[in-house]
Every structure is written in C-alpha cells, then in structure tokens.
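Reading through the structure tokens given below for one structure.
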Amino acid sequence: MGNEVILRVMGLKKYFPLRRTLKEILMFKKGRSVKAVDGIDFDIHRGEVFCLVGESGCGKTTTGRLVTRLIPPTSGRMLFKPSPQTLKHLPKEILVDGEYVELSSKLPKNISRLLRREIQIIFQDPFGSLNPRMKVYDILKEPLIIHGIGSTEDERRKLIFKALEEVKLTPPEEFTGRFPHMLSGGQRQRVAIARALLLGPSLIVADEPVSMLDVSIRAEILQLMIDLKEKRGLTYIFITHDLAVASYICNRIAVMYLGKIVEVAPTDEIINKTLHPYTKALLAAVPEPDPSNRFKIREVPIKGEVPSAVVIPPGCRFHPRCPYAMDVCRREEPPSIEYSPHHKVSCWLYARR
Amino acid sequence: MALLDVKKLKIYYYTLSGIVKAVDNVTFSLEKGEVLGLAGESGCGKSTLGYGLIGLIPPPGRVAGGSIVLDGKELTKLSSEELRKVRWNEISMIFQGAMNALNPVYTVGFQLAEPLIIHKGFTKREALERAAELLEAVGLHRNMVRRYPHELSGGQKQRVVIAMSLILNPKLVIADEPTTALDVVVQAQIMNLFKKIKNEYRLSIIFITHDLSLIAEIADRVAIMYAGKIVEIGSSEQVFNNPYHPYTKGLLNSIPRIRHKEKITWIPGVPPDLRAPPPGCRFHPRCPYAMDVCRREEPEMKAVEPGHYVACWLY
Chain A
796 MGNEVILRVM
806 GLKKYFPLRR
816 TLKEILMFKK
826 GRSVKAVDGI
836 DFDIHRGEVF
846 CLVGESGCGK
856 TTTGRLVTRL
866 IPPTSGRMLF
876 KPSPQTLKHL
886 PKEILVDGEY
896 VELSSKLPKN
906 ISRLLRREIQ
916 IIFQDPFGSL
926 NPRMKVYDIL
936 KEPLIIHGIG
946 STEDERRKLI
956 FKALEEVKLT
966 PPEEFTGRFP
976 HMLSGGQRQR
986 VAIARALLLG
996 PSLIVADEPV
1006 SMLDVSIRAE
1016 ILQLMIDLKE
1026 KRGLTYIFIT
1036 HDLAVASYIC
1046 NRIAVMYLGK
1056 IVEVAPTDEI
1066 INKTLHPYTK
1076 ALLAAVPEPD
1086 PSNRFKIREV
1096 PIKGEVPSAV
1106 VIPPGCRFHP
1116 RCPYAMDVCR
1126 REEPPSIEYS
1136 PHHKVSCWLY
1146 ARR
Chain B
16 MALLDVKKLK
26 IYYYTLSGIV
36 KAVDNVTFSL
46 EKGEVLGLAG
56 ESGCGKSTLG
66 YGLIGLIPPP
76 GRVAGGSIVL
86 DGKELTKLSS
96 EELRKVRWNE
106 ISMIFQGAMN
116 ALNPVYTVGF
126 QLAEPLIIHK
136 GFTKREALER
146 AAELLEAVGL
156 HRNMVRRYPH
166 ELSGGQKQRV
176 VIAMSLILNP
186 KLVIADEPTT
196 ALDVVVQAQI
206 MNLFKKIKNE
216 YRLSIIFITH
226 DLSLIAEIAD
236 RVAIMYAGKI
246 VEIGSSEQVF
256 NNPYHPYTKG
266 LLNSIPRIRH
276 KEKITWIPGV
286 PPDLRAPPPG
296 CRFHPRCPYA
306 MDVCRREEPE
316 MKAVEPGHYV
326 ACWLY
C-alpha cells in the first residue's frame, strides 16, 4: 500500500430534500431534508481496502454512490487521481494540481465517460442488479458497447470470456448463455464483479457485496475480491455493516454514524484500541461462533436505534444513545481528534480541554 | 418424553419439472425448554422443515411420509381443522422477513390480540390488556398497542412479531431467520430478548438460520442440514468444538472472526439440485474426503459420542 492518495474527499455532503408538508407550506417554512451524508472527510490510498462501516441509514451507501457519481453531492469536494492512461486523455484545464479531477463538478460528457471506466461499483443485491431478461453474455457486453471497447464481436467475446475466467466462472461458455435466474447467488455476484472489472477500473466501490450471500459463499467471494485486487492493483471502498467481514478484508475502517465518520483507523487499531463508544458497541454486538455465549446476555452498551436523519440531535449526534454522554456532548459537536498518527476519532472523551 | 419427536419426515414439492425432495428422511427430537439451532445454506430445506412442523407447507409441497409427534399428538394425521387448533396454540412461528409480516392497516394491539379473541374467546378489552402486558415483556412500551406498524422501527416490529408468537403460550416456537435484515446492534438486542424468553418461559425453540454465529448465541443443540438431510446433530459444544462432518467443518471455517486472523476457507461448489440429488452421500461432489462408498451408498446416522450423531462414511 503506497502513500499515493487516489481519492481525497473533503466536506462531502448529500441532503435529500423532503416534500414540504401542508403545514410547512402554509407557514412559509422551508422544506426539511434527510441529511444522509453530513460533511465527511477521508483519503484513500492506492491499493488499499477502505471500509465504511455502520448501521443502516448511516449514509455509507450514499457515500459510495456519491463517489461513483451516481448522484451529485450537495456540497463538498472529491478529488480523484485517474490512472496514467486516462490522465493522458484529459484536458489540462480541468485538472487540479495537475493530476486530480474534481468529481463533484459537472464534467463534459466525454470526460465523464472516461472517468466512469475508472470508478466502478458492485451492488449489494445480485438478484436486483442483473437484468433478468438478459443473458450473462449480454449483461457483460453492454458496458463494452457503451464505452466503445472492442470493435468486433470477436474481440468483445474474448474480453467477456477473460472476465468470466477471472471471476472463476469456468468454463465461460457454460455461463454466457444463462439468464441470471439460472445462477446461484454466489455466481450472480461473480457476474456483477466481472461486469465491474470489464472496463479496467482502478477504484471499485463494493456496496455490501456479500451481505445477501450465505456465510459459506461469503468467504469465497471475499477471497476472490482479495485475489483480484492483488492481480489488478485495484483499490476498494468496501461498504458493509458487518465488522467481522470488514476486519477480514479491510486495511482501514471508517465507522459512520448518522452521516458522519466518527472514527477512522487501521483495522487492527480500531479493533484492539477502540476509542469511540459507538465503535465499541458495534464490536460488542458482533456474534461469535462460541457456544458458551448462550449462557450470557451480550452487553451492548447503547440503547435504542439510529434516530432519523431528518431531525439530527444537537451537539454530538450520538449523545442520546451514548453511555458516557456529558454536558458538552449535548451542546457542541465534537471535533475530529487525531488520537495517534493514523487514528482519528470524533468524541469529546478524547478532547483536551 | 420429548416434547417434539420427528421421525423420517419427508416433505416433497411436486412441481411440473419433477419432485423436489426438500426435506428427506429427517429425524430429530426436542426436549421441553430446549433450543435447537437448525443451520444450513439457502435451499437446504431448513425453512421447509419449519413450515412442515406447523403445517403450513405452501403448495405444491406436502408431507410425503414420516411422523411429527408433538406432546404425544401425531400432527401429520390431523385434519386441517384440527391442525388449526394446534397451530399458534401449541406451535407458533416467527416468519422470515417478519418486518413485513405485520398487516399495515391494523394496529399492533389488534393484531396481537386477534388470536386471543379467536382461539381463547377473550373479549376485546381483555385481549388488548394481555397484548399490552406482552409488549412490555418483549421490551416495548404498552402504549404501542395503539400504534400502526409503519410507526415502528425494524427492531420494534421484530419485537412485536416475537410477542405475537408468544401470545397463546405455545410449547414450541419456530423462529425462521428472525434477525436477518436487522442491524448488528439491534440483532444483539433481539438475541438477548430470545435468551430472556427462553429462560423465563421455559420455551422450546427451533432457531433456523444460515449464520452459525447466531446459533452459538442461543442454541443448546445444533442440527446441520445439507440438501434436505440432517448431516450432523449434537449439543452446541460437541458440534462447535468438535465437528465431525466435513460439511460442518467447512461451514465453521468459513466464518470470519473479528479477533482471529486465520484465513477463512470455503466449501467449493454449489448445493445440488434437489430434484435429482447425487447418489450416495449428497455431499460427496463437494467433499474433500469423498471415497468410493460415498458415491454409491447413503451414510446412516451414527453416534460418534453420546448425543452426537453424524451421517458420514468416515466414521
């Protein structure tokens, strides 16, 4: 893992406006919005697996979709460093510092398309992400046609077969003619991975790629993703709610809560030197395959569930569920504190006052 | 005597493209107050088995043989009318995707109270009072009786569905993947609730899930299913600490653990098509130890230690 920053995210926000209620319209009030991502910063280095972990509704998927430019951000910056071959095709005027592209700005269509090749996504649900009326071959051919890769059918067929072999769907001839319903969950997710790989991306956003799969198949897909990363020199943003999976595959973990990153650190450090009370609770909640667990109640130190992202609690947004909540937590939002060189936490417990 | 005794149970789906033997010759028993964890990959027949026990197998499936004896009563011989009296009164079920099992147009209280009014002849007022008590028992506020399902969060709905399964004081509750679709923190809270219920009500539970870590959290005994058959059954300690069947070992090695850095492994291949399962041991095409006999003959359940049975030619 080098120190080359491939993606730098700064102050990224995404608010989804809600429809104004009748009362709001009558009182000339402004509409409210869901603050899905509410100002996050992180850097991703080339060749690493960076995890976004959190409960549902914490904004991790929205972050993934922002990075892949499936939705535009409300504000904030996302600087992406494309691979050298793509960089050659980009006009100098749009580059920041000569090598970064601002993903949050509106880009001309041809450039936008070049960047799409660079950043690909694997969706959570392999049952929904593959068109049930298309054969595997056509599913994989579509991106090639859109991006004008391969001039003849023969060339495309070779690329598709190679991609299928890479994800270990062999022999490829056996799978190209099948429809998604003729594949098992694991095989479908492999097709989704093959589709993401076809365009030769350098950054892949994997949005819960194994959470819909059986435990026994998960291991296989995770290993495949690790192997592909090594072979192709990929960088992953891995989104998951499962800390056990995250600790297996990731180099660094960022824990999100209600649209904010509350703690970020290398995997070992976040598990062995956990700082934020929320991270501690997440870790305590993970079930372990040890039969003696059934005799004890699992102490999860936090109460309740994630509140709605429309009415975010004042101060630290975690304070209503936090066992250590102090006065200051109710009033002021905690700053991001650099506890040790690679370990950042947003919690008043660690602030020097 | 065991509370539940299942012998050579067969549940087949008679589809146009062939007979799917979803549950094939399954034998096990369950004591009062015991929690049996039923694990296996999707499509191994574990949910079908659950539906079979409560007599709700969706057509074209039906019980093709064997017996289910609950508290001395043979369930497979009952008419649908008689079965209706047993269902919920004696066996209840927490369905998979329970979050959507609630009717959106009725209040939580009414849905909870309905079985009391129908099965037990309670008045509406009494039934609602009992529903409110039960909501408190599962960790919700009693005012929830007047709420509609859309006002509840996922974890709260799951608690309501658990309360619903307990309302008639059944002897046996079948929980089919009760925590999938819940977040880890909520999942841990719900598992704590299960532990509490198990201790307070002395209830027998069949806990169906594909996640062995969850089974370790609750089950006293574990049955591992593969392709419609139970391949290994024993106490949790026996199965988790000393697994015999290659399939069980494979499953256990595929779980990533937070504090252990061991490489996880997996079982190559996919489960067989249950319309035409492979001859001999159904696991042999994926088994690293497959021998000649595995391809020819089906292994019988054998005791490897007291209370620990395994169906594998290796033993």
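As given, the protein sequences belong to chains A and B, one line each in that order. For the first sequence, counting from 1, position 87 maps to 882 in my numbering; every step adds exactly one. For the second sequence, counting from 1, position 250 maps to 265 in my numbering; every step adds exactly one. C-beta: ideal position from N, C-alpha, C; glycine also.
(message) Using only CA atoms, which one of Glu-252(B), Met-114(B), Pro-271(B) lies nearest to Leu-167(B)?
(response) It is Met-114(B).
(request) Determine the direct distance from the alpha carbon of His-260(B) to that of Glu-320(B), and round the result to whole angstroms. (result) So the two alpha carbons sit approximately 13 Å from each other.
(request) Please classify Met-796(A): is it buried, with 16 or more other beta-carbons within 10 angstroms of its beta-carbon, or exposed? (result) Low local confidence applies: a pLDDT of 49 at Met-796(A) is under 50, so the model's placement there is unreliable, and no value is given.
(message) For Pro-1061(A), list the residues DSSP reports as bridge partners.
(response) Answer by DSSP bridge pairing, in chain order: Arg-1047(A).
(message) Please report whether the beta-carbon of Ile-1066(A) lies at a distance below 7 Å from any beta-carbon of chain B.
(response) Using a CB distance cut-off of 7 Å, Ile-1066(A) counts as an interface residue toward chain B.
(request) Pick helix, strand or coil for Phe-204(B), following the three-state DSSP scheme. (result) Inspection of the sequence shows that residue 204(B) is occupied by Gln rather than by Phe. Helix, per DSSP.
(request) Could you tell me which chain B residues have their CB closer than 8 Å to the CB of Asn-1088(A), listed as they occur along the chain? (result) The answer, in chain order, is Ala-231, Glu-232.
(request) Have a look at Ile-1097(A) and Met-206(B) and give me their C-alpha separation to the nearest angstrom. (result) When rounded, the distance between both Cα atoms is 15 Å.
(request) Report yes if the CB atom of Leu-181(B) is closer than 7 Å to the CB atom of Leu-85(B), and no otherwise. (result) For Leu-181(B) and Leu-85(B), no; Cβs fall outside 7 Å.
(request) Identify, in the order they occur along the chain, each residue of the same chain with its Cβ nearer than 7 Å to the Cβ of Val-41(B), setting aside the five sequence neighbours on each side. (result) So the qualifying residues of the chain are Val-21, Leu-24, Leu-64, Lys-244, Ile-245.
(message) Let's see if you can read the secondary structure: which residues bound the beta strand (DSSP E) around Arg-77(B)?
(response) If you look at Arg-77(B), you'll find it in the beta strand (DSSP E) that goes 76–85.
(message) Strictly under 7 Å for the Cβ-Cβ distance: is Ile-1092(A) near chain B by that measure?
(response) Among the CB atoms of chain B, one or more fall inside 7 Å of the CB of Ile-1092(A).
(message) Does Leu-994(A) come out as helix, strand or coil in the three-state DSSP assignment?
(response) For Leu-994(A), the secondary structure class from DSSP, reduced to helix, strand or coil, is coil.
(request) Note down, in chain order, each residue of its chain lying with its Cβ closer than 8 Å to the Cβ of Pro-75(B), except the 5 sequence neighbours on either side. (result) Exclusion of the five residues before and after Pro-75(B) leaves Tyr-28, Tyr-29, Thr-30 as the residues of its chain whose Cβ lies within less than 8 Å of its Cβ.
(message) For Arg-157(B) and Ser-1135(A), what's the separation of their Cα atoms in angstroms?
(response) Going from the Cα of Arg-157(B) to the Cα of Ser-1135(A) covers about 47 Å.
(message) Less than 7 Å between CB atoms is the rule here; does Pro-1150(A) satisfy it with respect to chain B?
(response) The requested residue 1150(A) does not occur in the structure, where chain A is confined to residues 796 to 1148.
(message) Threshold first: 4 residues or longer. Then list the alpha helix (DSSP H) segments lying entirely within the segment 927–980 of chain A, N to C.
(response) The segment 927–980 of chain A contains these whole alpha helix (DSSP H) runs: 931–941, 948–961, 967–971.
(request) Give the DSSP-derived three-state secondary structure of Glu-1015(A) in the structure shown. (result) The answer is helix: DSSP assigns Glu-1015(A) an H, G or I state.
(message) Any beta carbon from chain B within less than 7 Å of Pro-1061(A)'s own beta carbon?
(response) No, because no Cβ of chain B sits closer than 7 Å to the Cβ of Pro-1061(A).
(request) In angstroms with no decimal places, state the Cα-to-Cα distance between Glu-232(B) and Glu-192(B). (result) Whole-angstrom Cα-Cα distance: 14 Å.
(message) Distance cutoff 7 Å, beta carbons only. Does Pro-271(B) sit that close to anything in chain A?
(response) For Pro-271(B), the answer is yes, since a Cβ of chain A falls inside 7 Å of its Cβ.
(message) Using CA atoms only, rank isn't needed, just tell me which of Leu-847(A), Arg-827(A), Glu-843(A) is closest to Asp-836(A).
(response) If we check each option's Cα against that of Asp-836(A), Leu-847(A) comes out closest.
(request) Please list, in chain order, all residues of the same chain as Thr-1030(A) whose beta carbon is under 7 Å from its beta carbon, the five residues on each side excluded. (result) The residues are Ile-801, Ile-839, Arg-841, Gly-842, Glu-843, Ser-997, Leu-998.
(request) Using a threshold of 7 Å, state whether the C-beta atoms of Ile-1032(A) and Val-1081(A) are closer than that. (result) Cβ distance not < 7 Å, so Ile-1032(A) and Val-1081(A) don't count as in contact.
(message) So if DSSP puts Cys-1117(A) in a beta bridge, which residue, or which two residues, is it bridged to?
(response) The partner list for Cys-1117(A) (beta bridge, DSSP) is empty, contrary to what the question assumes.
(request) Name the residue from Asn-1088(A), His-1137(A), Ala-1146(A) whose alpha carbon lies nearest to the alpha carbon of Cys-1111(A). (result) If we check each option's Cα against that of Cys-1111(A), Ala-1146(A) comes out closest.
(request) With Asp-307(B) as the anchor, note down where its alpha helix (DSSP H) starts and where it stops. (result) Looking at the DSSP string, the run of the alpha helix (DSSP H) that includes Asp-307(B) is 307–311.
(request) Locate the alpha helix (DSSP H) running through Gln-880(A), then write down its first and last residues. (result) Segment 879–884, the alpha helix (DSSP H) holding Gln-880(A).
(request) Mind reading off the beta-carbon distance from Ala-1060(A) to Arg-1047(A)? Whole number of angstroms is fine, and I expect it under 8 Å. (result) In this structure, Ala-1060(A) and Arg-1047(A) form a Cβ contact; the two beta carbons are roughly 7 Å apart against a cut-off of 8 Å.
(message) Against Glu-969(A), what residues of chain B qualify as contacts under a CB-to-CB distance less than 7 Å, listed in chain order?
(response) Contacts between Glu-969(A) and chain B, judged by CB atoms closer than 7 Å, are missing: the closest CB pair is about 13 Å apart.
(request) For Leu-197(B), name the three-state secondary structure that DSSP assigns. (result) Residue state, collapsed to three classes: coil.
(message) Could you compute how far the alpha carbon of Ala-17(B) sits from the alpha carbon of Ile-109(B)?
(response) Rounded to the nearest whole angstrom, the C-alpha separation of Ala-17(B) and Ile-109(B) is 22 Å.
(message) Assuming Gln-915(A) is part of the beta strand (DSSP E), what are its boundary residues?
(response) Where Gln-915(A) is concerned, the enclosing beta strand (DSSP E) stretches over 914–917.
(message) Mapping the DSSP letters down to three states, classify Val-804(A) as helix, strand or coil.
(response) The answer is strand: DSSP assigns Val-804(A) an E or B state.
(message) So the candidates are His-1137(A), Val-1105(A), Arg-815(A); which of them puts its Cα closest to the Cα of Gly-854(A)?
(response) If we check each option's Cα against that of Gly-854(A), Val-1105(A) comes out closest.
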